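Below is one structure, written out as structure tokens; the observations come after it.
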Amino acid sequence: MPEYQAPETGESKPKWVGGFATEDDAKAARDEARVNSRRGEYVDRNEITVGEYLDMWIEDHAMEIKPGTLEDYRISIRLYIKPYIGNTRLQAVRPSVITKLYRDLLAQGGRGKKPLAVSTVIHTHAILRRAFRDAVLVHEYLSSSPVEKAKRPRTDAKEPGMIWSAGQLRTFLQLARSHRLYAFFHLAAYTGARRGELLNLRWADVDLEGKQVTVKGSTGVVDGEHIAGTTKSGRTRVVTIDERTVTVLREHLAAREVERRRIGDAWKVEDNGHIFTTAWGGPIYPTTVTALPGKLIKAYNEPADKGRTPAELLPYARLHDLRHIHATTLLLAGVPVHVVAARLGHADPAITLRVYAHVIRSAEAAAADMARVLAKGPLGSSERASELEPPKGIEPLTPSLRVKCKPLVDDSPSCSIGRCGLVECDRVRGCCCTHCCTAVTGMPGSLAEDFTREGDDDVAGWSAMGGTHEFFVPDDHHARELAQALAAHGFARVTAWPSPQGVWRVTALDEGPYPVDATGHRMIDAVARAAAAVARKHSGYPQGGSRCDVSMLPALHNADVPIVCTNPGAHPPTPAVVVVAPPPPAPLALTPDTAQDVPIDLSGLDDIPWADLAHAHGSAEDIPELLRALADPFGDWNPTLDELFGDNLLHQGSCYSATAPALPFLTRMIVSGALPARQRLDLYVWLLIAADRWADSLLGDADRAVVQGGLPIPATWTEDVHLVVGDQLSRLLSQWETEPPAVRFVLACLAALYPHHGRRIGDQITHMAQKFHGTQPGAYLLLAEALVHTDDDRALAVATDIIAWETNHDPGWLDAAGVTIPAKAGHVLTDGALRALSTTD
């Protein structure tokens, strides 16, 4: 029998454990108890049952969580936990007990002993996880949580429900016009707000002149009583609305006044100013608006007069699906994910990415199919050609807009890629136009080039490329003006069409042809900057850069596009671009190196509420496991590091709520002395990438800010991440003297991003820059030296010199308005330094 030493007396006491299914389970618990005894984790025996503890726990949390959530917890505990394990003693619960609970719920946990949905079981798991965690940390009834070790059911990411087409949405809203709450459904579809948020809206929250709605809270019903609370994220947000929605709200206000006058004294006088009320002025029950869509759809599909049955039935959809339709429409229109997340009130863009991943998949489906066909080899057979039929609704361009590509070899088969409507290619191996590449791969510019080259070395003879330039403008008036201005600038075809909420999307076809080399990329970038300057004069700003993919083809060539401006035979002014020869690379050594056989301190890792945080693919509860695997000297380093950062915490350059809390543990690994230089370098590099996300997002938002008369806004979580890396820098810089040159190079770059900390090694950076003088690393070290000494003029000059020969840099970075010189030059430094590290020994 294991013994524990009571902390208050020092006396050894027996620890009784029991309730095991097998002898092996009992022995395992005994061994664990002995380990806990040596750690000083003493837990008194307690007779409290699971049901009694949950009753106490839910009351303790009544002030911490919203009333609606509290009621949801109570229902789940009453229906899915207490009937199964409510009478079990809390300290007798083992992981196997929790696992069996989940199995029973999945088999017969629903009404009438029917199977319970996996999502409901997972929700029950989340409640148990939180309650048992408090039993360990707050009440100290348990030394560890059995829920953490239980096997919970897994489910694939659930896609949103019914996503109506634009026509189906119009049909539904036309049906809803007959109901007094038409404005509610219109606002749901055109703002994406949640049910409770809409019911909580007051007229004081709406600025009809400024065309915006402020979402401040949410309304729910608990035990028949209306309860107001915060939004789901706990944050207030401002959502813009279009002119049509303004009109709908004005009409709703007028109709409400008519109701009030008609009812007279029976009108419920409440000084809350709610927009949506009952016909007598009282609050609306959420279930009322939830049920209405189904009733309207049923009345439409099954009219009393059978002769009026519609030719096409309207698919059933829930009220919440209007929110999904709104988000899906925005994403397919090319609105950035972080903008959609802010509009929906998601605390983290990772939530948006997870919920609406299917949107991205569907948008890429045609491109993936084309890429599959291309990968098979030459396109000669009629069967292969039929696989590359253009998307429906795309009309081929007129001959004056087609690009001729020079064939590589005379005997190449005919190219069917020209069916995409963007180009006409004489030979498949001679088809070198980036229009074809992006139409086939769905990737812009050089990415498409790299993608195709990876599978086919013969395309190295490409001779030309082109692309598209895309902009957002506020309305149709500006869209028409910008389309005309871009055509006058020299673009042969410019189209514009509306996106949701009154925003218009303007796309200019840039045929080129530009050479497929560094000069060509610089030329198309220069044309893009000139086009952006034209757009800014008409309240437009770039969206997505210069690109061409399958999703753009219908809008470029469909006759139904509202605005089309052409200038056949014209071409925008081609800039004279000179690419300077780069300095030679120089190896950066990873020796001398030392590593010790010492443990890495990860204390406090489990104190962070990872389950409440998110990364690119959902809950961050797997981050502790990945960090421990990274610290394991026998672990698989590269795959673990890629999964931790490339797949999760810094996926596609984005930051998430779990990114910043994870970074200090990298510093601990670095300073522990347990890692070899190569692995330390990897961690330094990820810290540098993380630190730069803030400046990168500012540069990406600069054009929008100029047009809207404000300052660039950093992407979500990037500022937090930037600050956390800065907090770690003092400990990292103390490693300078013992680190090899390759690591010092990255340390110099980090120091340059935080000159307040970095100037302590300013002399060392100067000495290292002199040592690498005349090389690529030397150029970046000169830039780091200027930044660490806060010499903005010199930093700008050095960054300009670097951009002249580093063709992967965008010269437009240094012209971005509203972004400081240190941020712009620091981004040049970070982006280029990572390439310079490719020559590490």
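Residue numbers (UniProt numbering): 1 to 841.
Where a beta carbon is used, it is the ideal one built from N, C-alpha and C, also for glycine.
Quantities reported herein were computed from a predicted structural model and do not represent experimental measurements.
Boundaries (first-last residue) of the beta strand (DSSP E) holding residue i
i	result
L509	W504 to Y514
Q212	Q212 to V215
A496	R493 to P498
C565	I563 to T566
T240	R237 to T240
Cβ-based burial, residue i [other Cβ within 10 Å; buried from 16]
i	result
M56	exposed
G461	Any reading at G461 needs caution, since the residue's pLDDT is 39, under 50, leaving its predicted position unreliable; the model's value is listed next. Looking at its Cβ environment, which holds fewer than 16 other Cβ atoms inside 10 Å, G461 is exposed.
Y684	buried
D692	buried
V147	buried
F665	buried
V215	buried
I75	exposed
Y316	exposed
W280	exposed
F645	buried
Q728	buried
S386	Model confidence at S386 stands at a pLDDT of 33, short of 50, so the residue's coordinates are unreliable; what they give is reported in the following sentence. So S386 ends up on the exposed side.
D510	buried
S178	exposed
S382	Unreliable positioning characterises S382 in this predicted model, as indicated by a pLDDT of 34, which lies under 50. A coordinate reading is not provided.
V138	exposed
H478	buried
Q91	buried
A702	buried
S697	buried
K376	A caution first: K376 carries a pLDDT of 40, below 50, which makes its placement in the model unreliable, though a value can still be read off. Exposed, by the Cβ-count rule.
D607	exposed
T191	buried
Whole-angstrom C-beta distance between residue j and residue i, which should lie under 8 Å
i	j	result
N301	L319	With a Cβ gap of about 17 Å, N301 and L319 do not count as contacting.
residue 845	A662	The displayed coordinates of the chain run from 1 to 841. Any statement about residue 845 would go beyond what the structure contains.
D791	P676	Between P676 and D791 the Cβ distance is about 36 Å, and since that is not below 8 Å, they are no contact.
P585	T775	7 Å
T352	V335	So it is not a contact: roughly 11 Å between Cβ atoms.
Segment limits, alpha helix (DSSP H) that includes residue i
i	result
I689	A677 to Q708
I297	P286 to N301
F184	Y182 to T191
S727	Reading the sequence as shown, one finds Asp at residue 727 and not Ser. Where D727 is concerned, the enclosing alpha helix (DSSP H) stretches over T718 to L733.
residue 915	Past the boundaries of the shown model lies residue 915; the chain is included only from 1 to 841, so the question cannot be answered.
F645	No alpha helix (DSSP H) holds F645; DSSP gives it neither H nor E.
D601	Where D601 is concerned, there is no enclosing alpha helix (DSSP H), given that its DSSP letter is neither H nor E.
residue 842	Past the edges of the chain, shown from 1 to 841, lies residue 842, and the structure says nothing about it.
Q108	P95 to Q108
W610	Neither: W610 is in no alpha helix (DSSP H) and is coded neither H nor E.
L663	T659 to V671
Y84	K82 to I85
Nearest to residue i (by Cα), restricted to the options the options
i	options	result
V564	V494, T507, A508 and P599	V494
A135	E209, K114, I122 and D60	D60
A589	A488, L650, G110 and A742	A742
F634	P599, V246 and A176	P599
A150	V93, R536 and V534	V93
Y141	W203, E806 and V50	V50
S119	S144, L627, A797 and R152	R152
F184	N272, P293 and A266	P293
A508	V527, D517 and G520	V527
G653	M523, A616 and D606	A616
Q168	L482, I325, H767 and A492	I325
T807	Y182, H521, R256 and A836	H521
A193	P115, E209, D321 and N87	D321
Q255	Q212, Y182 and G196	According to the sequence displayed, residue 255 carries Ala and not Gln. Closest by alpha carbon: Y182.
A188	R678, P712, A327 and V819	A327
R744	A715, R678, A695 and D801	R678
L249	L208, K232, I284 and V561	L208
Q785	N648, A817 and A751	The question names Gln, but residue 785 is Glu in the sequence shown. For E785, the nearest C-alpha among the options comes from A751.
Chain C within 8 Å of residue i, Cβ atoms only
i	result
L644	No chain C is part of this structure, which consists of one protein chain only.
Residue ranges of each beta strand (DSSP E) run of no fewer than 3 residues wholly in the region 120–173, ordered along the chain? Counting only runs of 3 or more, we get nothing.
Which residue spans inside the region 805–840 form an unbroken alpha helix (DSSP H) run of at least 4? 821–836
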